[in-house]
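Taking it in order: structure first as structure tokens, then the write-up.
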Amino acid sequence: MTVSLTAILLSCSSAWAAGKGGIGLAATRLVYSEGEEQISLGVRNTSPDVPYLIQSWVMTPDNKKSADFIITPPLFVLNPANENLLRIMYIGAPLAKDRETLFFTSVRAVPSTTKRKEGNTLKIATQSVIKLFWRPKGLAYPLGEAPAKLRCTSSADMVTVSNPTPYFITLTDLKIGGKVVKNQMISPFDKYQFSLPKGAKNSSVTYRTINDYGAETPQLNCKS
């Protein structure tokens, strides 16, 4: 008797990262600029002998499938040591003109079972989820200028980081008073409050951010 079990593993993919064999994506984030007909995302099968069934869709921040995007092909088999392009097209109503809008691109990969085997088999499906930013035309300045515009204020036991820009800004290598703090993404024209870490020398904030290519920017000191 053969029993097939499928386990779904959620992961944040790094570019072409697929371990010793599996599915990798060509980017860690996507930017869809207003006016583009479509954007693309490369998908690679690094396994030497296992084909995968690939299924892709776009989600909203509340984890619902978005009907505003079409991905082609939505479902296909990716053979060993091969790659393919997902083409993503926005077909929805106009979005906010004064800021970015956040979505997520989800790519699920299910390994194929090519031979019947006696006993139990376990097929592990991996699901990679990366951010997709819809970016309107005519924003006042490029993303590269946004990180330095963050502002920080402090109280007795809290530090507030304000994002006055139209961009989603992901803080990495974040330290408050010399103590490491968990990475955090701050939405456009929003703020986030951090508890002052135990043992922090002061309320000074240093950080890096993530650019459009998934790379870290130079370290900055947050201004008040």
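Read in order, the letters of the sequence shown correspond to residues 1139 to 1362 in my numbering.
C-beta: ideal position from N, C-alpha, C; glycine also.
Endpoints, beta strand (DSSP E) assigned at residue i
i: L1179; result: I1177 to N1183
i: G1337; result: Premise fails: G1337 is in no beta strand (DSSP E) and is neither H nor E.
i: S1300; result: M1296 to N1301
i: V1196; result: Y1190 to M1197
i: D1311; result: I1307 to I1314
Which of helix, strand or coil DSSP assigns to residue i
i: A1286; result: helix
i: L1147; result: Since pLDDT at L1147 reaches only 40, below the 50 mark, its modelled position is unreliable, and the value read off the structure follows with that caveat. Reduced to three states, the DSSP call for L1147 is strand.
i: L1233; result: coil
i: N1270; result: Per the sequence presented here, residue 1270 reads as Leu, with Asn not at that position. Looking at L1270 - three-state DSSP - the assignment turns out to be strand.
i: L1281; result: helix
i: E1174; result: coil
i: K1329; result: strand
i: Q1322; result: strand
i: K1275; result: coil
i: E1221; result: strand
i: S1250; result: coil
i: N1349; result: coil
i: N1201; result: coil
i: A1165; result: coil
i: Q1357; result: coil
i: S1292; result: strand
i: S1244; result: strand
C-alpha gap between residue i and residue j, whole angstroms
i: N1220; j: F1241; result: 27 Å
i: K1202; j: M1323; result: 20 Å
i: S1362; j: A1286; result: 11 Å
i: K1336; j: S1325; result: 26 Å
i: I1146; j: A1263; result: With a pLDDT of 37 at I1146, under the threshold of 50, the modelled position of that residue is not reliable, and the figure given next carries that caveat. So the alpha carbons of these two residues sit roughly 5 Å apart.
i: A1164; j: S1293; result: 42 Å
i: G1363; j: N1340; result: As shown, the chain starts at 1139 and ends at 1362. That puts residue 1363 outside it, with no answer to give.
i: P1356; j: T1251; result: 46 Å
i: S1342; j: F1306; result: 22 Å
i: A1247; j: N1222; result: 13 Å
Test item: CB-CB of residue i and residue j under 8 Å
i: I1177; j: I1226; result: yes
i: T1308; j: I1268; result: no
i: A1234; j: P1186; result: no
i: K1313; j: T1344; result: yes
i: P1302; j: L1277; result: no
heavy atom of the ligand ZN below 7 Å from residue i C-beta
i: T1298; result: Among the components modelled here there is no ligand, and therefore nothing to report on the ligand ZN.
Assumed close pair residue i, residue j - CB separation to whole angstroms, cut-off 8 Å
i: V1181; j: F1271; result: The pair is not a contact, with the Cβ atoms about 20 Å apart (cut-off 8 Å).
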